[in-house]
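Only one structure is covered here, and it is reproduced in the block below.
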Amino acid sequence: MKKGRIRQSLKISFIEGLFASAMLGLTENFWVACGEALKVTALKAGLVSTLPHLISSFLQIAVGSLTEKCGGRLKTLKKIIALQWLFLLPLTLLPIISAENRYPLLLVCAIFFAIGGSLPGPAWLSLMSDHLPPRSTGKYFGWRNRIFGLVSLGCGLFAGQFLQIFKKNILWGFALLFGLACILRFISWSLVIRMFDPKRIKNSLPQAQNGQALPRNFFSFLKIGMEHSWVRFVFFIGMFMFSVNISAPYLAVYMLRDLHYSYTTFSYVTFSATLAAIFGVKVWGELADRFGHLNVIRATTLFISIIPLLWFASGDPLWLVLVQICAGFIWSGFQLCTMTFAFSEISSEDRTHALGYLAALNGLGIFLGSTFGGFLVNVLPKIGPSQFLGLFLISAFMRFLSCLLFFKKLKESRLVQSTTILNLYMDALGLYPLFQSGKETLEIEYKKKDEKKTF
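For what it's worth, my numbering labels the leading residue of the sequence shown as 802, then goes sequentially.
Pasting the structure below:
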């Protein structure tokens, strides 16, 4: 009976995810673009993306306690996800309200939209982890995210073309776009509340190192210190996301303001990453199940550190599409394994709290990085045509520094096949079998030569 309910719940979750992905495709990459359409400063446009991340992420510190007070994970999802469609609705008023109220409305709605999307995250991931066996999470989410990525990509490209049509009345374009997203999220919400919430099974996993269970209080969690594997991982993600967001929120402003891209070109460059992620996420999911989530995280963060230097090289749209394809492929592995790493490291009863702590440091890193970048862009000298290029160099340096400081301190408790970063990339790109075949051929040839010499 329970297996049947779980199967049905997974089907509902999949259908719900289709509508949610369509909604994300229409909104996720256009918040900063909307701020830019309101003619605000680069820092204010960046805040539309990063301030909501900070607030929503820190609220996740209490998501474990909130889940208990709400009476379960499903009831938590029902109450909080509704915030997304409720706060997309007022954005349909953007063209008709006074100019001085438009940016405050956008920022407030972006904050509550982010809360409605991020706050349920730990509860939803915890719920989904109880629907799946641990060794299948990478493969399942890889398959799932691949399909949802296609939906999000299609809707994102549609949104870019749609906004280009409304270029002369751009606020009406954004208003209609947010209105459609509101309808899609309402349908998604009406489905997610029908999922099944199975009873959580207590088990023993490595987070209770030396008999020490994961604290229910965020500040107690921080006091554990760097001896705890999950604390080290959380701080690594926080610092890495700080480094990434020194430049990441300003890519949209850089393309629209300094490179003078149309909304169509902007959407092609932006969503080329989504296209690559669709194919990458399945590959990384299978590799994570074989070689471990942490090995994938190590491999992907190294390449992610190079990405800003590639943006620095040229502003040509074709070049940036190529850069985004590479970036999307790599980021899909990092994002997938950052999420699924908790499934193998944290027990079910502690998972909601652990993911909340991760989200809090992740959000803090995003906000501080963006704020630091917004300050720097006003004081950095121009490099070529733009001040943003200096941000790209600083961001790349900080990303490499994060890897250098934390790589050796991160451990995975699950037994996995050993590999190297080079072999992992060769496997991800489908080159490893060719390499092995060539290596075996050479070994056979050398063996034949050695045999001839013995005669």
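Backbone N, C-alpha and C fix where the C-beta goes; we use that ideal spot for every residue, glycine too.
inquiry  = Tell me the rounded alpha-carbon separation between F820 and V1180.
reply    = Within the sequence shown, numbered from 1, the residue matching residue 820 stands at position 19. Within the sequence shown, numbered from 1, the residue matching residue 1180 stands at position 379. Distance between the alpha carbons of F820 and V1180 is about 43 Å.
Requested in this report: Provide the residue(s) that pair with I1184 in DSSP beta bridges, ordered along the chain.
Outcome: For the purposes of this step, residue 1184 is taken as residue 383 along the sequence shown, with counting starting at 1. DSSP lists S1187 as partners of I1184.
Would V1082 and G950 be called neighbours here (beta carbons separated by less than 8 Å)? Against the sequence shown, residue 1082 aligns to sequence position 281. Against the sequence shown, residue 950 aligns to sequence position 149. The answer is yes: Cβ separation under 8 Å.
(Q) Whether or not the segment 1064 to 1078 and the segment 956 to 972 are in contact is what I'm after, with contact meaning three or more pairs of Cβ atoms, one per stretch, closer than 8 Å; do they touch? (A) yes
Do L978 and L1177 come within 8 Å of each other at the CB atom, strictly closer than that value?
On the sequence shown, position 376 is the one that residue 1177 refers to. On the sequence shown, position 177 is the one that residue 978 refers to. No. Outside cutoff.
Classify F815 as buried or exposed, calling it buried when 16 or more other Cβ atoms lie within 10 Å of its own Cβ.
Here residue 815 refers to the residue found at position 14 of the sequence shown. F815 should be labelled exposed.
Outcome for L1119 when other beta-carbon atoms lying within 10 angstroms are tallied against a minimum of 16: As a first step, residue 1119 is located in the sequence shown; it is residue number 318 there, counting from the start. Burial call: exposed.
### Message
Looking at L860: is its Cβ nearer than 8 Å to the Cβ of I916?
### Response
Taking the sequence shown and counting its residues from 1, one reaches residue 860 at position 59. Taking the sequence shown and counting its residues from 1, one reaches residue 916 at position 115. Result yes, Cβ atoms of L860 and I916 sit closer than 8 Å.
Check: Who are the Cβ neighbours of S1203 in its own chain at under 7 Å, not counting the five residues just before and after it?
Finding: As a first step, residue 1203 is located in the sequence shown; it is residue number 402 there, counting from the start. Result list for S1203: F1037, M1040, F1041 and S1044, in chain order.
Margin query: What would DSSP say about Y1247, mapped onto helix, strand or coil?
Written below: To locate residue 1247, count along the sequence shown from 1; it is residue 446. With a pLDDT of 42 at Y1247, under the threshold of 50, the predicted position of this residue should be treated as unreliable, and no value is reported.
Could you tell me whether the segment 1211 to 1222 touches the segment 1111 to 1126, using the rule of 3 or more Cβ pairs below 8 Å?
no
- How far does the alpha helix (DSSP H) with V1035 in it reach, from first residue to last? Position 234 of the sequence shown, counting from 1, holds the residue named residue 1035. That run of the alpha helix (DSSP H) goes S1030 to V1045.
**Asked** What does a CB cutoff of less than 6 Å around A1009 pick up in its chain, not counting 5 residues either side in sequence?
**Response** As a working mapping, residue 1009 is identified with position 208 in the sequence shown. Reliability fails at A1009, whose pLDDT of 43 lies under 50, so the model's placement of it is uncertain and the value that follows must be treated cautiously. Nothing meets the Cβ criterion.
query: Measuring CB to CB, does A1074 end up less than 8 Å from C1138?
result: The residue given as residue 1074 occupies position 273 in the sequence shown. The residue given as residue 1138 occupies position 337 in the sequence shown. Not a contact, by the Cβ cut-off of 8 Å.
(Q) Considering Cα atoms alone, identify which of V1122, L1110, G1157 and I1184 is closest to F1198. (A) Indexing the sequence shown from 1 puts residue 1198 at position 397. The candidate whose alpha carbon is nearest that of F1198 is L1110.
Problem - Proximity to F1072 [Cα-Cα], best of T842, A1128 and L908 - result: Position 271 of the sequence shown holds residue 1072. Closest by alpha carbon: A1128.
Where K1212 falls: helix, strand or coil (DSSP):
Numbered from 1 along the sequence shown, position 411 holds the residue referred to as residue 1212. It is coil, neither helix nor strand.
Go through its chain and collect everything with a Cβ distance to Y941's Cβ below 7 Å, but skip five positions before and after it.
Walking along the sequence shown from the start, residue 941 turns up at place 140. Cβ neighbours of Y941 beyond the five flanking positions: L933.
| Any idea what DSSP makes of G922, helix, strand or coil? | Reading the sequence shown from its first residue, position 121 is the one you call residue 922. Three-state result, G922: helix.
- request: Give every residue of the same chain whose Cβ lies closer than 7 Å to the Cβ of G873, excluding the five residues on either side of it in the sequence, and list them in chain order.
  value: Taking the first residue of the sequence shown as position 1, residue 873 is located at position 72. The answer, listed in chain order, is D998.
*Environment of A900 [buried if 16+ CB atoms lie within 10 Å]*: For the purposes of this step, residue 900 is taken as residue 99 along the sequence shown, with counting starting at 1. Under this definition A900 is an exposed residue.
Exercise. Under a Cβ-count criterion, where at least 16 other Cβ atoms within 10 Å of its own Cβ denotes burial, should F1020 be classed as buried or exposed?
Worked result: For the purposes of this step, residue 1020 is taken as residue 219 along the sequence shown, with counting starting at 1. Exposed, because fewer than 16 other Cβ atoms sit within 10 Å of the Cβ of F1020.
* Member of N1224, H1154, I1184 and G1191 whose CA lies at the smallest distance from the CA of N1018 -> Counting from 1 along the sequence shown, the entry for residue 1018 is found at position 217. Nearest of N1224, H1154, I1184 and G1191 to N1018, Cα basis: H1154.
* Is the beta carbon of P923 sitting closer than 8 Å to the one on L1162? -> Along the sequence shown, read from residue 1 onward, the residue named residue 923 stands at position 122. Along the sequence shown, read from residue 1 onward, the residue named residue 1162 stands at position 361. Not in contact: P923 and L1162 (Cβ atoms no closer than 8 Å).
Which of helix, strand or coil DSSP assigns to V1124
For the purposes of this step, residue 1124 is taken as residue 323 along the sequence shown, with counting starting at 1. Of the three classes helix, strand and coil, the one that applies to V1124 here is helix, per DSSP.
Along the chain, where does the alpha helix (DSSP H) that runs through S1115 open and close?
By one-based count along the sequence shown, residue 1115 stands at place 314. Unbroken run through S1115: none, as it is neither H nor E.
Original post:
So what does DSSP say about T828, is it helix, strand or coil?
Top reply: Within the sequence shown, the letter at position 27 stands for residue 828. Three-state result, T828: helix.
Report task. Look up Q1218 in the DSSP assignment and say whether it is helix, strand or coil. Result -> By 1-based counting over the sequence shown, the position of residue 1218 is 417. Three-state result, Q1218: coil.
Can you grab the Cα-Cα spacing for the pair I1222 / L1076, in whole Å?
Walking along the sequence shown from the start, residue 1222 turns up at place 421. Walking along the sequence shown from the start, residue 1076 turns up at place 275. Distance between the alpha carbons of I1222 and L1076: 24 Å.
Next item on the list: State the Cα-Cα distance for the pair I966 and L1194, rounded to the nearest angstrom.
Entry: Position 165 of the sequence shown, counting from 1, holds the residue named residue 966. Position 393 of the sequence shown, counting from 1, holds the residue named residue 1194. C-alpha separation (whole angstroms): 35 Å.
- [ ] Would you mind giving the Cβ-Cβ distance between E829 and V1054, rounded to the nearest angstrom? I have them listed as a contact below 8 Å.
- [x] Within the sequence shown, residue 829 is the residue found at index 28, counting from 1. Within the sequence shown, residue 1054 is the residue found at index 253, counting from 1. Going by Cβ atoms, the distance from E829 to V1054 rounds to 16 Å, so no, they are not a contact pair.
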